[in-house]
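Below is one structure, written out as structure tokens, with a few remarks after it.
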Amino acid sequence: MIDGRIINYILSIASGIESIGEVIAGTNKEKQVIEIIKKNLEDHVDELWIEHVPVTSWREEVCVVETTNGSYPCAIHPPYQGVIDEEVGYDKIISMDLDKLENKGITKIDISDKIILIDIPRDPDDIATVAYILSQYSPRLIVIRDRGESLRRIVVLDNVVALYREARQLNIPVVHVGRGIGMIDKLVGSRIYAKSMRFKSYGYNFIAKLHKRYDKYIYITAHHDHWLSGGSDNIMGISIITAL
499 MIDGRIINYI LSIASGIESI GEVIAGTNKE KQVIEIIKKN LEDHVDELWI
549 EHVPVTSWRE EVCVVETTNG SYPCAIHPPY QGVIDEEVGY DKIISMDLDK
599 LENKGITKID ISDKIILIDI PRDPDDIATV AYILSQYSPR LIVIRDRGES
649 LRRIVVLDNV VALYREARQL NIPVVHVGRG IGMIDKLVGS RIYAKSMRFK
699 SYGYNFIAKL HKRYDKYIYI TAHHDHWLSG GSDNIMGISI ITAL
């Protein structure tokens, strides 16, 4: 049985990290996470240090869907860099089912230079795969419709798996919208405007050691997700390791 005090301690650390908001490697918010870890560990370990790691960071400056009834927030799937400025007309947008993608029905549809509206996959990480497949048919813009009103950011690249080479941004921009605005009749006549940028920065590895008499080591590690898209990745993992 886990001591209730430990659970409360884990939850208090998680609450502190959650209050920072979305944390991207190489930003000041990542420094705040490091300070929370340091504060909780420095009196309980024999040695600690912080490694500076060169990273390519990313920032979304604006993402909005402008309609006659008002403006609605959206999100850019990183690491896209540039400006997105699209007027949505009936002849420009196509709604597509995930089934068409899975059953290769996309090969029967001309989506070149079109705005593609498609539902989020069951696993949000599969947005990267969906975007990559659609990009092979040269759409103008990919719009992912959420199941609810969440605005997710999943890394999308120019290959499904970027092993043994430098990963590059997808050449087609991908944005995420809430379900409320993510309908053809609501998007037609709207303007989708977004802007984001990449920049060189430094991320952090926080390393803490406990010196024991044995010549063997047990490594316990945790990390926040690349773009902090999941609560179990970015909050609870760090909180549990810190509490241990």
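Numbering-wise (my numbering), the sequence shown opens with residue 499 and increments by one.
We treat Cβ as the ideally placed atom computed from N, Cα and C, and that holds for glycine.
All values derive from a computational prediction rather than experimental measurement.
Item	Value
Asparagine 657, enclosing beta strand (DSSP E) - first and last residue	Asparagine 657 -> no beta strand (DSSP E), and no H or E assigned at all.
Cβ-Cβ separation, isoleucine 690 to cysteine 572 (assumed contact under 8 Å), whole Å	7 Å
Beta carbon of isoleucine 670 nearer than 8 Å to that of serine 633	yes
Under the three-state DSSP convention, the category lysine 684 falls into	helix
Alpha-carbon spacing of isoleucine 548 relative to isoleucine 532, whole angstroms	9 Å
One or two residues paired with lysine 698 in a DSSP bridge	Thr554
Opening and closing residue of the beta strand (DSSP E) in which tyrosine 570 lies	568-571
Exposure of leucine 639, with buried meaning 16 or more beta-carbon neighbours within 10 Å	buried
Contact between the stretch 645-662 and the stretch 608-615 (3+ Cβ pairs under 8 Å)	no
Methionine 594, buried or exposed, once every other Cβ within 10 Å from all chains shown has been counted against 16	buried
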